[in-house]
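J.: Residue numbers (numbering that gives the first Met the number 0), protein chains in the order written: chain A, 0 to 273; chain B, 0 to 656; chain C, 0 to 327.
Every residue, glycine too, gets a C-beta built ideally from N, C-alpha and C.
Structure incoming, see below.
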Amino acid sequence: MAQAYSTEGWITADGRKIGPVLMEMKNITLRFGGVKAITDISFDIREGEIRAIIGPNGAGKSSMLNVISGFYVPQEGEVWFRGAKRPPMKPYEVARQGIARTFQNIALFEGMSVLDNIMTGRLTMMETNLAQQALWWGKAAREEEEHRAAVERIIDFLEIQHIRKTPVGRLPYGLKKRVELARALAAEPKLLLLDEPMAGMNVEEKEDMCRFILDVNDEFGTTIALIEHDMGVVMDLSDRVVVMDYGKKIGDGPPDDIRSNKAVIDAYLGVSHE
Amino acid sequence: MAAAVTPSGDPQSIPALLMRNAATMGGRPAFREKEFGIWQSWTWAETAEEVRNIARGLMVLGLNPGDHVAIIGRNRPALYWSMIAIQMCGAVPVPLYQDAVADEMAYVLEHSGARFVIAADQEQVDKVLEVQSRVPGIEQILYHDKRGLRKYDHAALTWLEDIARDGSAAQQRVDAELDARMAVLGPDSKCVMLYTSGTTGTPKGVVLSNRNVIETAKAGAAFEGLTPDEDVLAYLPMAWAGDYIFSIAQAHVVGFCVNCPESTQTMMTDLREIGPTYFFATPRVYEGQLTSVMIRMEDAGRMKKWLFHTFMDHARKVGGRILDGETVSFADRLKYRLGDLLVYGPLKNTLGYSRIRVGYTAGEAIGPEIFEFYRALGINLKQLYGQTEATVLVAGHPNGQVRPDTVGVAWPGVELRIDDKGEVFYRSPGTFVEYYKNPEATAATKDAEGWVATGDAGYFVEGLGHLRIIDRVKDVGKLSSGQMFAPKYVENKLKFYPGILEAVLFGNGRDYCTAFLNIDLTAVGNWAERNNISYTSYQELAGHPKVLEMMQSHVEEVNASLADDPMLAGCQIKRFLVLHKELDADDGELTRTRKVRRNIIASKYEDLIEALYSGAPEVSTRTEVSYEDGRKGFISATLTLREAKVFPATPSRREAA
Amino acid sequence: MSDTILYAMEVTLNGLMAGVLYALVALGFVLIFKASGIFNYAQGVMALFAALTLVGIQNGQIPFSHLINAMFGTQLHHFGWKVPAVLAILLTALVMVGLAILVERYVLKHLVNQEPIILFMATIGLAYFMEGFGDVMWGADIKKLDVGIPQGMSETVDQLTYNLFGYGFFIDTLDIVAAVVAVILVVTLTLFSQYSKQGRALRAVADDHQAALSVGISLRFIWVLTWSIAGFVALVAGIMWGSKSGVQFSLSLIALKALPVLMLGGFTSIPGAIVGGLIIGVGEKLFEFFIGPMIGGATENWFAYVLALLFLVFRPQGLFGDRIIERV
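Rendered as structure tokens:
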């Protein structure tokens, strides 16, 4: 279905509202020594959409995600977030701007309980100072309760009540992925970055994860950017797709356009990658 | 508020009981549910208001007396309320198994002719939508959990809370009619329709009247001395008659509190937090808990292990007798007290049985060792014998007369009779009205005098008067030698081993017995880890030579014990195999209540059975499996067949010992 | 009650008190190890440095006076004022925070993502630097530290035990104070790490750096915080040990006593540090009391290490340490 693009956004076929541009990458180039991981890539992410970045292994998807989340600083190009150019930032500063992420290889606090892990997602939102906390003054106690309530809603949403008190280290892989998503959600991010959320999962777990991603976007209106190398999953999920290959952008548009894009088909099927 | 009462003033329907409770004990808790990590609770007065609002909303929606309304979902207060609200409108609730696949659901929806379906969440709504084209009678789907449903077409889909809100708004308009409908509900009005799980053929809709339900609930409450202080945990399928009796009928008759777990997976944690006083579980639950205790003990320190075994041995010796009120020496009592302090108390606390007064088990025969373990701890665990057609209760153990190998005496008000073929018959106030739209089946099961055939073979134990059930009548058979073949008895013996999840015995009309075994992945996986056996899949673990060796030793132990009993010595297992996949209700191999479907397994795995009787050392096979999303696939495997030692029948051994 | 039992009880009590001091030093190690995976060799020197600074500030000593005198031929020693103990402790704490900031900025920041052994080497360097720096700043002479903690035999304990058993125990008041302070410190630290926002962040960093960054925690802030706390713990240990045996170079060697404590208690456990300290304290005193005379005494010098060695053989992760499981 052809969509009416406008700078103000549009309404999708299933009735969700896509807003104006939230984040824009302008001519990003990232080098590691002499190796170019990303070459002159530009694209934008709009409010409320699910934006996928896909590409074969080694296409530079993860590097792009790391640029967005501040783990890498590109040599060239500009990152614009909420209408302002973003100066080079540390990852924790990016996180405090409202960009939460998950990792391909899961980065959770293994020794802490699921609940504590998710609570760390709200650290940057806690306002009371050390002295107030020390005395457990009204405000500190109330704040803790509010955060706990918010975390409980996420636990309920992602259906992980049964492991609330379990140390993360003891959980199976699929549940860890879910806990990591919960922690990212706890920060109530303006932009949620998911690094291969379906990697290493079986069909059933993938379907669950898809449902959760769609529900997060639907219920909380969270803007989501995800990278994935499995094309099939992404096409059903996302509103618009950026395709990368060898660090370059070879396609950008709604899934239907991407499916019929010659360069994309070549990258995935025809041309070998050795 | 008008409600029909008997001359003595007793309410005659569930809605009438609710109104009575709201009036006489309005401030006491009626329902609790854990949500967002906190136990929320509703008093009887609040519950009555919630129920009335849903009922009013259903009236606005056009629910007529006599209509059927299907309910699908896990145990949640809102769904229980909906059931009562439906009854309040004069309609009949039809709860469905929530894990039923779309096809099974379609049959029940079609057969019951439900106009409305109340579904818990997106998952259930999806299933109903999937079958809706085949089941034209469904006019509206109501749902409780909004999550994920916002984008759905709401032409025939409504949020339950909107129904209740509309109902509340229409109060003035519909209340008179609602009260009038409630007033005509009498003892013979239809109360609920429950579908049998379909162990044999297609599910049948068992119609129960208010009299069936209320009289049975009352009899049970009096038998056990239930009070409004009881707490039950509602976690068994709402479609099962037992849950209806315990969580609705008895809760309303007695006025106790029904607690709903946070999710299916948190059941064990919630059990611990609630500490129910009145509890029902299938043998599988008790067995699972015992297995997990045993596994934890294997990993425990030496001191802890020693304490556990020393005091458990003592408990096995005297615990059951203390519970039955028999005389036990002072020293033994003292040691039991000490054990309670050190072992039993903490253990009961972790299991969630600190406050338990009455614990029931039914459904499948329970291994005597499992049964005695809980009794030894001081948990008043009893067997129940019953079926949906009897409004659950047929026989049970009176306090102080609990025997693991019987199902107790006839329930108050129940008459029992055994025919010359050994089949058990009963007649009681709980005897069902009819099978819905199936007069032939009704006639075949219930005779003109009201006697109902149970399909179970059993006899009264000499001197004790307790009923003992051996097996299903149709499953008890004979070997070619003429010796008795009682598969369930042997399977239960095997299933007591923590490593064996399921066992299926074959041998009817054959020369000797053979068996399929299913490993318990948790227990065997744990064992493998401790013994440095690595495996990548269920199939690999199940076929591991070390695992087969362990299974063989279990089988031979069972054979040895069977040899002690001249009646059953023929049931010894000569050859067996360990299945490469877990028997699964989704593949039709088990019923939804996890009973083995012997015939289906026998035909599905015909090649394996033949191999067992052919004497071949191994067999290759290909099996169809269904995944949870409904897709199908195949798994192939080569299974090793093992020969087990068989013992000569030694009737004299017991007397000599 | 027999005399031997009474003596043994007294020895045990004294051992407990000594153990508290070991535990205090070990605590500093554990804090830094948990938060950053660094085995901070300089922890002992930090205690020495803190004690030196405290004495210096208290006595109004002019920092670097030897250096200044040598360069300019002046005769500077003191400002000529005395600073009250409480204020001096606060000032020293500030100096330790300053030290933490400097360590983060000039050492740790440049060593991010390096092998643990490199970081360990860096702390050895840091130890020698601080030792020399402390000498230059405050002078190498042995100093007496007195912040007003009562010392000498506790009359109360003496009286109490005399009334109870007919034999008065000899317990140093300083030890009792040290024990009370240590308990307060541990309780505060535990509450801080379990329930405060910063504590949660600290645990998060200790667990996974990358994940901590992604939830908006600044690693640099956490490192400064940890080193400040470790510095503060070092200050407390420095005060206790300094009051007991004077502020001198040997103070930095208490770090070596903390090693067996860590092996016993585990490198990652705060309760482990406490229990380990107490076991070593009591163990070495009792061993000296019962076995010492048979084998010529002076067992206190080596007992702790032998015990630690035994532990390494049978329970390498320590009493409370995280269990190391290698999955096959």
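Helix, strand or coil: which one does DSSP assign to C/Phe-168?
T.: Sequence index remark: in the third sequence, residue 168 of chain C carries index 169 (1-based). Residue state, collapsed to three classes: coil.
J.: Please go through the segment 89-172 of chain B and give each complete alpha helix (DSSP H) segment of 4 or more residues, from N-terminal end onward.
T.: Complete alpha helix (DSSP H) runs here, min 4: 101-111, 121-131 and 159-168.
J.: At the level of alpha carbons, what is the spacing between A/Met-197 and A/Lys-205?
T.: Start at 1 with the first residue of the first sequence, and residue 197 of chain A comes out as number 198. Start at 1 with the first residue of the first sequence, and residue 205 of chain A comes out as number 206. Going by the C-alpha atoms only, they are around 6 Å apart.
J.: Residues of chain A with CB closer than 8 Å to the CB of B/Tyr-626, please, in chain order.
T.: Looking up residue 626 of chain B in the second sequence gives position 627. Result: Val-202 and Glu-203.
J.: Please compile the residues from chain B whose C-beta is within a distance smaller than 9 Å of the C-beta of A/Glu-151.
T.: One-based indexing of the first sequence puts residue 151 of chain A at position 152. Neighbours of A/Glu-151 on chain B, chain order: Glu-34, Phe-35, Gly-36 and Ile-37.
J.: Could you tell me which of B/Ala-299, B/Gln-382 and B/Glu-363 sits nearest to B/Leu-589, measuring between CA atoms?
T.: Within the second sequence, the letter at position 590 stands for residue 589 of chain B. That would be B/Glu-363, whose Cα lies nearest to the Cα of B/Leu-589.
J.: How long is the line joining the alpha carbons of B/Thr-46 and B/Val-231, rounded to whole angstroms?
T.: In the second sequence, counting from the first residue as 1, residue 46 of chain B sits at position 47. In the second sequence, counting from the first residue as 1, residue 231 of chain B sits at position 232. Rounded to whole angstroms, B/Thr-46 to B/Val-231 spans 17 Å at the Cα level.
J.: Output, in chain order, the set of chain C residues within a Cβ distance shorter than 9 Å of A/Leu-107.
T.: In the first sequence, the residue the question calls residue 107 of chain A occupies position 108. Under the 9 Å cutoff, chain C gives Asp-206, Asp-207 and Ala-210.
J.: At what residue ranges does the segment 548-581 of chain B contain a whole run of the beta strand (DSSP E), taking only runs of 3 or more?
T.: You should have 572-577.
J.: Under the assumption that B/Val-116 contacts B/Ile-137 (Cβ atoms under 8 Å), give the Cβ distance between them as a whole number of angstroms.
T.: If you number the second sequence from 1, residue 116 of chain B lands on position 117. If you number the second sequence from 1, residue 137 of chain B lands on position 138. At roughly 6 Å, the Cβ-Cβ gap stays under 8 Å, so B/Val-116 and B/Ile-137 are in contact.
J.: With three or more beta-carbon pairs closer than 8 Å as the criterion, would you say the segment 30-47 of chain C touches the segment 252-268 of chain C?
T.: At 8 Å Cβ cutoff, the stretches touch.
J.: Using the three-state DSSP reduction, which class does A/Asn-260 fall into: helix, strand or coil?
T.: To locate residue 260 of chain A, count along the first sequence from 1; it is residue 261. A/Asn-260: coil per DSSP, three-state reduction.
J.: Using C-beta distances below 6 Å, list every residue in its chain close to C/Asp-14, excluding the 5 sequence neighbours before and after it, in chain order.
T.: Reading the third sequence from its first residue, position 15 is the one you call residue 14 of chain C. The displayed chain sequence assigns Gly, not Asp, to residue 14 of chain C. Gly-280, Val-281 and Lys-284, listed in sequence order.
J.: Hey, does A/Gln-103 have any beta-carbon neighbour from chain B nearer than 8 Å?
T.: Within the first sequence, the letter at position 104 stands for residue 103 of chain A. Not closer than 8 Å to any Cβ of chain B, the Cβ of A/Gln-103 fails to qualify, so no.
J.: So, at 8 Å on beta carbons, what are the nonlocal neighbours of B/Ala-3 in its own chain, with the 5 sequence-adjacent residues on each side left out?
T.: Taking the first residue of the second sequence as position 1, residue 3 of chain B is located at position 4. Here the model assigns B/Ala-3 a pLDDT of 45, short of 50, so the residue's position is not dependable and the matter cannot be decided.
J.: What residues in its chain sit with their C-beta under 7 Å from that of B/His-543, if we drop five residues either side in the sequence?
T.: Within the second sequence, numbered from 1, the residue matching residue 543 of chain B stands at position 544. Contacts found: Ile-532 and Tyr-534.
J.: At the level of alpha carbons, what is the spacing between C/Gly-36 and C/Ser-244?
T.: For the purposes of this step, residue 36 of chain C is taken as the residue at position 37 of the third sequence. For the purposes of this step, residue 244 of chain C is taken as the residue at position 245 of the third sequence. Their backbone Cα atoms lie some 32 Å apart in a straight line.
J.: Output, in chain order, the set of chain A residues within a Cβ distance shorter than 7 Å of B/Arg-149.
T.: Position 150 of the second sequence, counting from 1, holds the residue named residue 149 of chain B. Within chain A, the residues near B/Arg-149 are Asp-217.
J.: According to DSSP, is C/Ala-17 helix, strand or coil?
T.: In the third sequence, residue 17 of chain C corresponds to position 18, counting from 1. If DSSP states are grouped into helix, strand and coil, C/Ala-17 belongs with the helices.
J.: What would DSSP say about B/Ser-81, mapped onto helix, strand or coil?
T.: Residue mapping note: residue 81 of chain B aligns to position 82 of the second sequence, counting from 1. Helix at B/Ser-81.
J.: Per DSSP, what kind of secondary structure is B/Leu-671 in: helix, strand or coil?
T.: For residue 671 of chain B there is no data in the structure shown, the boundaries of chain B being 0 and 656.
J.: Rounding to the nearest angstrom, what Cα-Cα distance links B/Asp-563 and B/His-465 in this structure?
T.: Within the second sequence, residue 563 of chain B is the residue found at index 564, counting from 1. Within the second sequence, residue 465 of chain B is the residue found at index 466, counting from 1. Looking at the two C-alpha atoms, the distance is approximately 23 Å.
J.: Interface residues of chain B around A/Ala-148 at Cβ under 8 Å?
T.: Translated into positions along the first sequence, residue 148 of chain A becomes position 149. In chain order: Phe-35.
J.: To the nearest angstrom, report how far apart B/Phe-505 and B/Pro-367 are at their CA atoms.
T.: Against the second sequence, residue 505 of chain B aligns to sequence position 506. Against the second sequence, residue 367 of chain B aligns to sequence position 368. Looking at the two C-alpha atoms, the distance is approximately 23 Å.
J.: Which ranges does the beta strand (DSSP E) cover as unbroken runs of at least 3 residues, wholly within the segment 185-251 of chain B, from first to last along the chain?
T.: As far as the segment 185-251 of chain B is concerned, its whole beta strand (DSSP E) runs of at least 3 residues are 189-194, 204-208 and 230-232.
J.: Could you give the residue range of the alpha helix (DSSP H) that holds C/His-65?
T.: Mapped onto the third sequence, residue 65 of chain C falls at position 66. Counting along the chain, the alpha helix (DSSP H) containing C/His-65 begins and ends at 64-71.
J.: Just by C-beta distance, which residues in the segment 174-203 of chain A are closer than 8 Å to chain B?
T.: Flagged, chain order: Val-202 and Glu-203.
J.: Per DSSP, which residues does A/Leu-190 bridge with? Please list them.
T.: One-based indexing of the first sequence puts residue 190 of chain A at position 191. Paired residue(s): A/Ile-98 and A/Thr-222.
J.: Within the chosen definition, does the segment 99-115 of chain A reach the segment 205-221 of chain C through at least 3 CB pairs nearer than 8 Å?
T.: Touching, yes, given that three or more Cβ pairs across the two stretches are closer than 8 Å.
J.: Keeping to the same chain, check which residues put their C-beta closer than 6 Å to that of B/Leu-567; ignore five residues upstream and five downstream.
T.: Here residue 567 of chain B refers to the residue found at position 568 of the second sequence. Counting only Cβ-Cβ distances below 6 Å, and skipping sequence neighbours, we find Leu-561.
J.: Can you give me the Cβ contacts of A/Gln-2 inside the same chain, cut-off strictly under 6 Å, excluding the 5 residues immediately before and after it?
T.: Translated into the one-based positions of the first sequence, residue 2 of chain A becomes position 3. Because the pLDDT at A/Gln-2 is just 45, under 50, the model does not fix this residue reliably, and the value given afterwards should be weighed accordingly. For A/Gln-2, where only same-chain residues beyond five positions count, the Cβ hits under 6 Å are Trp-9.
J.: Measure from the alpha carbon of B/Glu-605 to the alpha carbon of each residue in B/Lys-33, B/Arg-621 and B/Pro-236, then state which is nearest.
T.: Translated into positions along the second sequence, residue 605 of chain B becomes position 606. That would be B/Arg-621, whose Cα lies nearest to the Cα of B/Glu-605.
J.: Output the boundary residues of the beta strand (DSSP E) element that contains B/Ala-29.
T.: Taking the second sequence and counting its residues from 1, the one referred to as residue 29 of chain B is at position 30. Run containing B/Ala-29: 28-34, per the beta strand (DSSP E) assignment.
J.: Which term fits C/Pro-149, buried or exposed, when burial requires 16 or more other beta carbons within 10 angstroms of its beta carbon?
T.: To locate residue 149 of chain C, count along the third sequence from 1; it is residue 150. Answer is exposed; the Cβ neighbour count stays below 16.
J.: Let's test the definition: count the other Cβ atoms within 10 Å of the Cβ of B/Phe-307 and tell me whether it reaches 16, buried, or not, exposed.
T.: As a position in the second sequence, residue 307 of chain B is number 308, starting the count at 1. Buried is the call here.
J.: Give the straight-line distance between the Cα atoms of C/Ser-217 and B/Ile-247, rounded to the nearest whole angstrom.
T.: The residue given as residue 217 of chain C occupies position 218 in the third sequence. The residue given as residue 247 of chain B occupies position 248 in the second sequence. Their Cα atoms are separated by approximately 55 Å.
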